[in-house]
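Each step along the sequence shown adds one to the number in my numbering, with nothing skipped, and position 447 is 447. Beta carbons: idealized from backbone N, C-alpha and C, even for Gly. Please read these numbers as outputs of a predicted model, since none were measured by experiment. Read through the structure below, which is laid out as structure tokens, and then see the notes.
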Amino acid sequence: MGLFCQCYKGNNFFAPLRKFMSGIAGIVGEIDDIEYRLAAMLRSQSHRGGDNKGFWVSSFVDSQLGLAHCGKTVSETEEDVRQPYVDEVTWLVVAMEGEVYNYRELRNELSAHYTFVTDSSVEVISKAYHRWGKDFLLRLNGAFVVVIYDRDNDVLLLARDRFGVKPLYYATQRGCLFFASEVRSLFAAGVYRSVSPERWAGYMLYSSYGAPYSTFWEGVHQLPAGFWLQYNGYSLHERSWYNLQEDIAELVADYDEQQMRELFIERLERSADSSMADVSSCGLRVAGRVESQALHIVASNGQHGWKIHTFTGEVGNITGRPLATPVWVTAAHAVGELEKMNTWVEEPFDGTETVVRTAMFRRAGRDGVRVVCSGVGLDVLWQDCWDATELSYNYMSHHALFSPSFVALADRPDYLHHFTAESDNMRYLDLYYERIPHILRFFDRSAAESGVSVRLPFIDSRLVALSFALPMISRKSRRELFDGCMQQRYNRTLERRNASSMLPLWLGGGMKEWVGDALSDLRCSTAREWFEVSELDRMWTQFCDGTPLDVALLWKCISLHRQLCV
1 MGLFCQCYKG
11 NNFFAPLRKF
21 MSGIAGIVGE
31 IDDIEYRLAA
41 MLRSQSHRGG
51 DNKGFWVSSF
61 VDSQLGLAHC
71 GKTVSETEED
81 VRQPYVDEVT
91 WLVVAMEGEV
101 YNYRELRNEL
111 SAHYTFVTDS
121 SVEVISKAYH
131 RWGKDFLLRL
141 NGAFVVVIYD
151 RDNDVLLLAR
161 DRFGVKPLYY
171 ATQRGCLFFA
181 SEVRSLFAAG
191 VYRSVSPERW
201 AGYMLYSSYG
211 APYSTFWEGV
221 HQLPAGFWLQ
231 YNGYSLHERS
241 WYNLQEDIAE
251 LVADYDEQQM
261 RELFIERLER
271 SADSSMADVS
281 SCGLRVAGRV
291 ESQALHIVAS
301 NGQHGWKIHT
311 FTGEVGNITG
321 RPLATPVWVT
331 AAHAVGELEK
341 MNTWVEEPFD
351 GTETVVRTAM
361 FRRAGRDGVR
371 VVCSGVGLDV
381 LWQDCWDATE
391 LSYNYMSHHA
401 LFSPSFVALA
411 DRPDYLHHFT
421 AESDNMRYLD
431 LYYERIPHIL
441 RFFDRSAAES
451 GVSVRLPFID
461 SRLVALSFAL
471 PMISRKSRRE
481 LFDGCMQQRY
491 NRTLERRNAS
501 SMLPLWLGGG
511 MKEWVGDALS
521 DLRCSTAREW
531 FEVSELDRMW
541 TQFCDGTPLD
551 VALLWKCISL
561 HRQLCV
């Protein structure tokens with residue numbers, strides 16, 4: 001998982017007073033009670049920073065525009081500024097969620113043309129858009145959602161970072177546009193709430209989370225990663241502003257293998273170091289996966305390495321690892337987390353690691369931890385191969401469990417093939433469609449619910465482009481290249497091993513009865529027509545008898561139960 005960042009004063013631990021999460025909400029349309037609805041939207045996501053709210057409402061074309069923001073900046077060194085930020089120089093109104101890591105560099109560049117009145121990234125965004133238009137997005141390095149209202153031209157712009165680290169959802173209903181950091185905020189504003197059977201069918205049968213713009217709710221969309229959306233009061237125009245393939249082609253044309261290796265390590269180090277630069281102290285979760293090991297090695301060798309405190313959530317000792325503080329997740333903790341899931345998760349969740357991460361975030365929040373830095377993404381980007389079912393894009397989860405009518409709703413995923421090598425297509429799929437976007441959305445919800453913020457130093461555009469480009473000009477596999485870089489720089493070889501599932505321990509510790517109740521409830525739920533009930537009964541019998549079964553399918557059923565049956 002990653003780094004837990006903490007603050008200390010002398011020998012006494014203290015929790016910083018700043019809020020480390022934020023959220024946005026907005027409405028455009030002819031709505032009489034727009035302020036009331038905006039307030040309801042912020043209340044629904046008050047865990048993102050409910051004690052610092054800002055509202056701005058004005059006329060827009062022939063209707064109204066309302067913007068709202070809650071929370072504060074993550075950085076301990078950046079000035080907090082009330083949002084939405086009204087810039088009387090540029091005549092723009094700006095709100096953002098997330099972080100712009102290079103805002104100080106941009107501020108210095110823009111200072112030749114503007115006088116700044118705050119030391120905040122939101123004012124930098126205002127000046128940058130005013131000077132460079134939409135191209136300003138290409139200059140931003142960070143994880144962010146930006147909302148800009150151009151009062152001169154009556155145009156609203158929404159934009160999301162390159163890889164969608166920060167979420168943005170929207171819906172149109174009765175001629176109005178609603179948008180927010182969380183789906184439940186749209187429902188709080190009055191958007192009709194209804195699950196999408198087609199999206200759930202695609203997930204249950206094909207393990208697919210859908211296209212970058214889709215959600216598990218009817219009529220609710222997400223702005224895809226690296227896209228902007230413009231609204232002039234009459235029509236929505238959506239367009240991509242970032243092209244990964246162009247970055248890859250530029251690297252392949254300009255650098256040889258050795259130069260790319262040096263760039264890769266340099267970027268690893270810079271990304272890890274900058275993620276810790278503006279916090280007082282950091283802790284690192286030690287695990288067996290490549291990304292946490294690499295993050296620990298790189299971060300501990302950087303100029304902020306003295307901030308690191310290690311801990312672990314794994315069972316048993318980890319050979320060769322630094323002494324770490326154990327944080328165990330018992331069966332009782334697991335059941336407690338599962339009982340809460342439906343109150344904040346807006347899509348399916350998968351496996352024991354989901355529960356472990358949630359419990360760890362919650363523990364961190366209780367201990368006063370405010371920033372989590374994770375190495376997630378590195379292992380996916382440097383994965384060498386996938387199994388045959390994944391490469392053919394047609395994996396199905398025991399379709400005998402599902403009714404024919406439900407199976408008919410599921411469309412086999414059809415993905416774009418941007419690359420010659422099928423492994424590169426799978427990597428792109430994991431990056432923009434499936435694994436990484438799902439993890440990012442879950443991190444955002446879980447962290448916000450727990451009162452912490454997540455930083456992902458390895459979800460960096462240069463690193464991602466290098467992970468594609470370097471193997472293209474080398475005869476070595478990704479694993480050989482990655483290991484070679486780490487060995488050359490740090491004289492270290494990374495161990496690759498999968499984390500063991502906590503489920504057997506949890507079942508032995510008292511979780512089995514809860515799972516049985518969940519499957520029983522599912523038989524009587526509104527989704528019972530999605531299943532062949534006899535197959536559900538057989539799954540429960542296999543589960544009780546200890547007969548091997550599809551554990552991933554079991555978790556899907558549990559996830560559906562939490563969404564529909566409570």
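Item to check | Closest by C-alpha distance to L244, when choosing among Y428, C373 and S374 | outcome: Along the sequence shown, one-based indexing puts residue 244 at 244. If we check each option's Cα against that of L244, Y428 comes out closest.
Next on the checklist: So for Q6, helix, strand or coil by DSSP?
Outcome noted: Position 6 of the sequence shown, counted from the start, is the residue given in the question as residue 6. Reliability fails at Q6, whose pLDDT of 35 lies under 50, so the model's placement of it is uncertain and the value that follows must be treated cautiously. Q6: strand per DSSP, three-state reduction.
Checklist entry - Excluding five sequence neighbours on each side, which residues of the same chain lie with their C-beta closer than 7 Å to the C-beta of A465? => result As a working note, residue 465 is residue 465 in the sequence shown. L244, D247, I248 and L251, listed in sequence order.
Item to check | Helix, strand or coil at H221 [DSSP, three-state] | outcome: Along the sequence shown, read from residue 1 onward, the residue named residue 221 stands at position 221. In the structure shown, H221 sits in a strand (DSSP, three-state: E or B).
Next on the checklist: Suppose you measure from the CA of Q542 to the CA of L549; what does that come to, to the nearest Å?
Outcome noted: By 1-based counting over the sequence shown, the position of residue 542 is 542. By 1-based counting over the sequence shown, the position of residue 549 is 549. Whole-angstrom Cα-Cα distance: 7 Å.
Checklist entry - What are the start and end residues of the beta strand (DSSP E) that includes H69? => result Taking the sequence shown and counting its residues from 1, one reaches residue 69 at position 69. Its beta strand (DSSP E) spans residues S63 to G71.
Checklist entry - Would you say I125 and F116 are within 9 Å of each other, going by their C-beta atoms? => result For the purposes of this step, residue 125 is taken as residue 125 along the sequence shown, with counting starting at 1. For the purposes of this step, residue 116 is taken as residue 116 along the sequence shown, with counting starting at 1. No, the pair does not count as a contact, with Cβ atoms beyond the cut-off.
Item to check | Supposed close pair G49, C70 - CB separation, criterion 8 Å | outcome: Within the sequence shown, numbered from 1, the residue matching residue 49 stands at position 49. Within the sequence shown, numbered from 1, the residue matching residue 70 stands at position 70. Sure, about 5 Å apart at Cβ, within 8 Å.
Checklist entry - Considering only residues of the same chain and omitting the five flanking positions on each side of M502, which have a CB-CB separation below 6 Å? => result Here residue 502 refers to the residue found at position 502 when the sequence shown is read from its first residue. For M502, where only same-chain residues beyond five positions count, the Cβ hits under 6 Å are T352.
Item to check | Contacts around W132, its chain only, beta-carbon distance under 8 Å, and the 5 residues preceding and following it disregarded | outcome: Position 132 of the sequence shown holds residue 132. Counting only Cβ-Cβ distances below 8 Å, and skipping sequence neighbours, we find R139.
Next on the checklist: Tell me the residue span of the beta strand (DSSP E) that contains V369.
Outcome noted: By 1-based counting over the sequence shown, the position of residue 369 is 369. No beta strand (DSSP E) holds V369; DSSP gives it neither H nor E.
Next on the checklist: One question on the structure: do S63 and V86 come within less than 9 Å of each other, judged by their Cβ atoms?
Outcome noted: As a first step, residue 63 is located in the sequence shown; it is residue number 63 there, counting from the start. As a first step, residue 86 is located in the sequence shown; it is residue number 86 there, counting from the start. Not in contact: S63 and V86 (Cβ atoms no closer than 9 Å).
Item to check | Own chain residues within Cβ distance below 6 Å of D152, not counting five before or after | outcome: Position 152 of the sequence shown, counted from the start, is the residue given in the question as residue 152. Within the same chain, D152 has close Cβ partners W91.
Item to check | Between the CA atoms of A143 and S274 - distance to the nearest angstrom | outcome: Position 274 of the sequence shown, counting from 1, holds the residue named residue 274. Position 143 of the sequence shown, counting from 1, holds the residue named residue 143. Near 13 Å, if we compare the C-alpha coordinates of A143 and S274.
Item to check | Beta-carbon gap between V122 and A95 smaller than 9 Å | outcome: Walking along the sequence shown from the start, residue 122 turns up at place 122. Walking along the sequence shown from the start, residue 95 turns up at place 95. Contact: yes.
Item to check | Whole alpha helix (DSSP H) elements within the region 214 to 281, 4-residue minimum | outcome: 244 to 254 and 257 to 276
Next on the checklist: Tell me the rounded alpha-carbon separation between L505 and V551.
Outcome noted: Locating residue 505 in the sequence shown gives position 505, where the first residue counts as 1. Locating residue 551 in the sequence shown gives position 551, where the first residue counts as 1. When rounded, the distance between both Cα atoms is 14 Å.
Checklist entry - What residue ranges within the region 138 to 224 form continuous alpha helix (DSSP H) runs of no fewer than 4 residues, ordered along the chain? => result 183 to 188 and 197 to 206
Checklist entry - Which value, in whole angstroms, describes the spacing of the CA atoms of C557 and S474? => result Here residue 557 is taken as the residue at index 557 of the sequence shown, counted from 1. Here residue 474 is taken as the residue at index 474 of the sequence shown, counted from 1. Each residue's alpha carbon lies about 43 Å from the other.
Item to check | Inter-residue spacing [alpha-carbon to alpha-carbon] between A364 and S46 | outcome: Stepping through the sequence shown from its first residue, residue 364 is reached at position 364. Stepping through the sequence shown from its first residue, residue 46 is reached at position 46. Each residue's Cα considered, the two are about 19 Å apart.
Item to check | 7 Å CB neighbourhood of L38 in its chain, flanking five on each side removed | outcome: Residue mapping note: residue 38 aligns to position 38 of the sequence shown, counting from 1. Same-chain partners within the cutoff: A25, I27, F55, G66 and A68.
Checklist entry - Distance, Cα to Cα, R239 vs L168? => result Here residue 239 refers to the residue found at position 239 when the sequence shown is read from its first residue. Here residue 168 refers to the residue found at position 168 when the sequence shown is read from its first residue. Each residue's Cα considered, the two are about 15 Å apart.
Item to check | Backbone secondary structure at R562 - three-state DSSP | outcome: As a first step, residue 562 is located in the sequence shown; it is residue number 562 there, counting from the start. The answer is helix: DSSP assigns R562 an H, G or I state.
Next on the checklist: Here's the rule I'm using: 16 or more other beta-carbon atoms within 10 Å means buried, otherwise exposed. How should D254 be labelled?
Outcome noted: Here residue 254 is taken as the residue at index 254 of the sequence shown, counted from 1. Exposed: under 16 other Cβ atoms inside 10 Å.
Checklist entry - Exposed or buried, what is A408 when buried is set at 16 or more other beta-carbons lying within 10 Å of its beta-carbon? => result Position 408 of the sequence shown, counting from 1, holds the residue named residue 408. Exposed, since its Cβ has fewer than 16 Cβ neighbours within 10 Å.
Item to check | CA nearest to the CA of R538, picked from L378, M276, F402 and Q487 | outcome: Stepping through the sequence shown from its first residue, residue 538 is reached at position 538. Checked all of L378, M276, F402 and Q487; the closest Cα to R538 is F402.
Next on the checklist: Give me, in chain order, the residues of the same chain whose beta-carbon lies closer than 6 Å to that of Y242; leave out the 5 immediate sequence neighbours on both sides.
Outcome noted: The count along the sequence shown starts at 1 and reaches residue 242 at position 242. So the list reads R162 and G226, once near-sequence residues are dropped.
Checklist entry - Just to confirm, are R366 and S453 a CB contact at a threshold of 9 Å? => result For this step, residue 366 is matched to residue 366 along the sequence shown. For this step, residue 453 is matched to residue 453 along the sequence shown. Contact: no.
Item to check | Candidates W530, R107, F187 and C544, of which the one nearest A40 by Cα | outcome: In the sequence shown, residue 40 corresponds to position 40, counting from 1. Answer by Cα proximity: F187.
Checklist entry - If you run the structure through DSSP and keep just helix, strand and coil, what is E513? => result As a working mapping, residue 513 is identified with position 513 in the sequence shown. Three-state result, E513: helix.
Checklist entry - Across which residues does DSSP place W56 in a beta bridge pair? => result Along the sequence shown, one-based indexing puts residue 56 at 56. Beta-bridge pairing links W56 to L67.
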